[in-house]
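Read the structure below first, then the notes.
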Amino acid sequence: MEYLEIEGGNPLYGEVRIQGSKNAALPILSAVILHRGTTVLRNCPKIIDVLYMLEILKGFGCRVSWEGEALVIEASDLAACQVAECYGRQMRSSIMLLGSLLGRMKQASVSYPGGCVIGERPIDIHLGALEKLGAVFAEEPSGLKAVCEKPVGLTLRLPFPSVGATENVILLAASAEGTTVLENAAMEPEIGELCRFLNSMGAKIRGMGTDKLAIDGVREFHDTEFTIMPDRIVAGTYMLMTAAVGGDVRLLDVPLEQLGSVRKVLGQMGARQEAGEGMLRIQSKGRPRSISRIITRPYPGFPTDLQSPLLAALSLGEGCSVIEETIFEARFKIVEELRRMGAQIQVEGQKALIQGVEELRGTNLTARELRGGAALVLAAAAARGTSRIYQYHYIARGYENIIRDLQSMGSVVQST
Numbered sequence: 008m009e010y011l012e013i014e015g016g017n018p019l020y021g022e023v024r025i026q027g028s029k030n031a032a033l034p035i036l037s038a039v040i041l042h043r044g045t046t047v048l049r050n051c052p053k054i055i056d057v058l059y060m061l062e063i064l065k066g067f068g069c070r071v072s073w074e075g076e077a078l079v080i081e082a083s084d085l086a087a088c089q090v091a092e093c094y095g096r097q098m099r100s101s102i103m104l105l106g107s108l109l110g111r112m113k114q115a116s117v118s119y120p121g122g123c124v125i126g127e128r129p130i131d132i133h134l135g136a137l138e139k140l141g142a143v144f145a146e147e148p149s150g151l152k153a154v155c156e157k158p159v160g161l162t163l164r165l166p167f168p169s170v171g172a173t174e175n176v177i178l179l180a181a182s183a184e185g186t187t188v189l190e191n192a193a194m195e196p197e198i199g200e201l202c203r204f205l206n207s208m209g210a211k212i213r214g215m216g217t218d219k220l221a222i223d224g225v226r227e228f229h230d231t232e233f234t235i236m237p238d239r240i241v242a243g244t245y246m247l248m249t250a251a252v253g254g255d256v257r258l259l260d261v262p263l264e265q266l267g268s269v270r271k272v273l274g275q276m277g278a279r280q281e282a283g284e285g286m287l288r289i290q291s292k293g294r295p296r297s298i299s300r301i302i303t304r305p306y307p308g309f310p311t312d313l314q315s316p317l318l319a320a321l322s323l324g325e326g327c328s329v330i331e332e333t334i335f336e337a338r339f340k341i342v343e344e345l346r347r348m349g350a351q352i353q354v355e356g357q358k359a360l361i362q363g364v365e366e367l368r369g370t371n372l373t374a375r376e377l378r379g380g381a382a383l384v385l386a387a388a389a390a391r392g393t394s395r396i397y398q399y400h401y402i403a404r405g406y407e408n409i410i411r412d413l414q415s416m417g418s419v420v421q422s423t
């Protein structure tokens with residue numbers, strides 16, 4: 008059985024270049040099929056979820072190739088509009104193909120989305136928004152079938168600023184007739200990146216960075232080359248890891264303007280930060296200070312994707328900390344694993360009460376989802392002794408080469 012083996016307790020010293028963003032790459036890959044031509048993407052992370060998405064695109068009839076570090080996708084002739092069940096059930100992001108398939112093919116068939124098990128993650132908001140644009144859905148045992156012969160723009164408001172629903176509306180509205188005004192849209196940086204990509208191939212989208220987007224539908228798109236932004240969640244993971252483990256680490260290609268809430272938390276934990284152009288240096292003497300209370304929020308608040316790494320880091324804090332999760336209802340799954348390492352954490356509903364301990368003990372651990380798996384890597388790097396983390400494939404869904412990155416920071420780690 009595959010696992011990561013990490014010898015913990017070694018301060019981190021070194022330099023890591025941050026990979027391209029997973030949460031930007033996946034919706035952009037969904038968007039490429041809107042154009043009957045060629046798209047070249049740079050800085051696209053070679054992670055499992057991206058590789059799954061490329062297999063889905065091949066199933067539609069796209070020609071996909073890596074030319075050095077550039078990803079080239081040719082989508083002139085699509086022969087299918089059905090997401091292969093074997094891939095759709097593996098990844099949550101397959102649901103965002105609804106918008107682009109309906110925009111290009113006027114019909115779509117997708118299985119119910121899979122991916123990380125961190126709560127119910129309902130898709131009702133997606134479906135309700137797409138229905139307002141003209142989509143009609145039929146539920147089947149294997150998934151959803153949808154038809155949208157003539158999408159027409161209108162003004163609509165999301166009941167919650169769902170990232171995925173915002174992306175789906177953008178993807179369908181980009182080729183709809185007329186103008187779509189989307190209110191209460193998610194403001195995550197990855198939404199802006201999707202809009203910039205679409206605009207680079209001829210879309211007309213305004214309001215990026217706000218919760219109100221205006222999307223003028225266009226009939227045709229054109230070839231484009233686009234560089235995907237760095238991954239703020241990967242950067243945040245390594246920031247928190249340095250704060251918890253201790254050391255002196257330089258992160259390169261860091262999206263500093265997107266990490267305000269994370270940098271604030273890092274400062275509260277006692278880590279020193281030195282920022283330059285696309286660079287962040289973190290210095291920490293080890294055991295972090297506790298934080299009385301932190302709440303996950305939609306952007307620009309503290310990201311839910313970094314809640315698990317923060318939980319692991321604060322398990323070593325000097326005092327008591329409280330984390331409240333407001334986005335997903337079941338994101339404390341790593342608590343039992345951390346307790347096996349000696350952490351003192353109590354879960355009360357959507358809150359985790361953390362009494363920091365002086366040290367964690369290395370042991371055998373099991374990753375059950377992506378961000379929780381990354382948090383276990385953080386805990387193992389900080390712990391005394393050796394840890395093995397099983398089901399490493401979850402971590403590889405979002406971290407291009409976490410082994411290389413850890414080794415670049417001086418951590419003793421290997422995979423088996």
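Take the position in the sequence shown, starting the count at 1, then add 7; the result is the number in the numbering used here.
In this text, a Cβ means the ideal position worked out from N, Cα and C, and glycines have one as well.
Which same chain residues, not among the five before or five after residue i, have their C-beta less than 6 Å away from its C-beta?
i           : result
residue 202 : 212 and 215
residue 340 : 375 and 379
residue 194 : 218 and 306
residue 27  : 50, 51, 52 and 235
residue 145 : 152
residue 147 : none
Using a 10 Å radius around the Cβ and a threshold of 16 neighbouring Cβ atoms, would you call residue i buried or exposed?
i           : result
residue 267 : exposed
residue 238 : buried
residue 143 : exposed
residue 93  : exposed
residue 196 : buried
residue 82  : buried
residue 337 : exposed
residue 360 : exposed
residue 72  : exposed
residue 294 : buried
residue 423 : exposed
residue 162 : exposed
residue 127 : Residue confidence is low: residue 127 scores 49 on pLDDT, short of 50, so the model does not pin down where it sits. No coordinate-derived value is stated.
residue 87  : exposed
residue 448 : Outside the modelled stretch of the chain, which goes from 8 to 423, sits residue 448, for which no answer is possible.
Would you tell me roughly how many angstroms separate the C-alpha atoms of residue i and residue j, rounded to the nearest one?
i           : j           : result
residue 367 : residue 251 : 11 Å
residue 244 : residue 232 : 29 Å
residue 130 : residue 390 : 38 Å
residue 122 : residue 402 : For residue 122, the pLDDT reaches just 46, beneath the cut-off of 50, and the residue's location in the model is therefore unreliable, leaving the point undetermined.
residue 84  : residue 410 : 39 Å
residue 382 : residue 412 : 15 Å
residue 9   : residue 421 : 11 Å
residue 311 : residue 384 : 17 Å
residue 333 : residue 269 : 17 Å
residue 42  : residue 300 : 46 Å
residue 124 : residue 182 : Bear in mind that a pLDDT of 41 at residue 124, under 50, signals an unreliable position, so the number given afterwards is only what the model happens to contain. Computed Cα separation, rounded: 33 Å.
residue 17  : residue 209 : 50 Å
residue 13  : residue 400 : 16 Å
residue 48  : residue 228 : 16 Å
residue 6   : residue 11  : Look at the range of the chain in this structure, 8 to 423, and you will see that residue 6 is not part of it.
residue 314 : residue 69  : 37 Å
residue 264 : residue 280 : 14 Å
residue 395 : residue 44  : 46 Å
Output needed for residue i: all residues of its chain with C-beta closer than 7 Å, excluding positions within five of it in sequence on either side, in chain order.
i           : result
residue 191 : 164, 165, 168 and 218
residue 297 : 321, 324, 325, 326, 327, 328 and 363
residue 373 : 344, 397 and 398
residue 91  : 63 and 66
residue 38  : 107, 178, 201, 204 and 205
residue 111 : 40, 41 and 85
residue 223 : 186 and 211
residue 261 : 25, 237, 242, 285, 286 and 287
residue 55  : 400, 403 and 404
residue 304 : 333
Out of the options, state which residue places its alpha-carbon closest to the alpha-carbon of residue i.
i           : options               : result
residue 138 : 160, 400, 420 and 318 : 160
residue 273 : 249, 196 and 81       : 249
residue 30  : 154, 158, 73 and 199  : 199
residue 74  : 87, 146, 46 and 89    : 46
residue 89  : 109, 82, 369 and 287  : 109
residue 348 : 331, 319, 360 and 330 : 319
residue 369 : 180, 116, 288 and 392 : 392
residue 150 : 315, 136, 292 and 118 : 118
residue 171 : 76, 35, 148 and 290   : 35
residue 230 : 247, 207, 221 and 240 : 207
residue 116 : 135, 154 and 132      : 154
For a test of your reading of the model: does the CB of residue i fall under 7 Å from any non-hydrogen atom of the ligand SAH? Yes or no.
i           : result
residue 193 : The ligand SAH is not part of this structure, which contains no ligands at all.
If you drop the 5 nearest sequence neighbours on each side, which residues of the same chain put their C-beta closer than 8 Å to that of residue i?
i           : result
residue 156 : 113 and 141
residue 20  : 254, 255, 256, 416 and 417
residue 357 : 331, 332, 333 and 336
residue 308 : 268 and 302
>> Using a Cβ distance threshold of 8 Å, determine whether the region 59 to 74 contacts the region 98 to 108, with at least three qualifying pairs required.
In response: Segments in contact, yes.
>> Tell me whether the region 102 to 110 and the region 172 to 183 touch, counting them as touching only if at least three CB pairs, one residue from each stretch, are closer than 8 Å.
In response: Contact holds: three or more Cβ-Cβ distances are below 8 Å.
> Quick check: the region 274 to 286 against the region 341 to 360, are there 3 or more CB pairs under 8 Å?
Replying inline: The region 274 to 286 vs the region 341 to 360: no contact.
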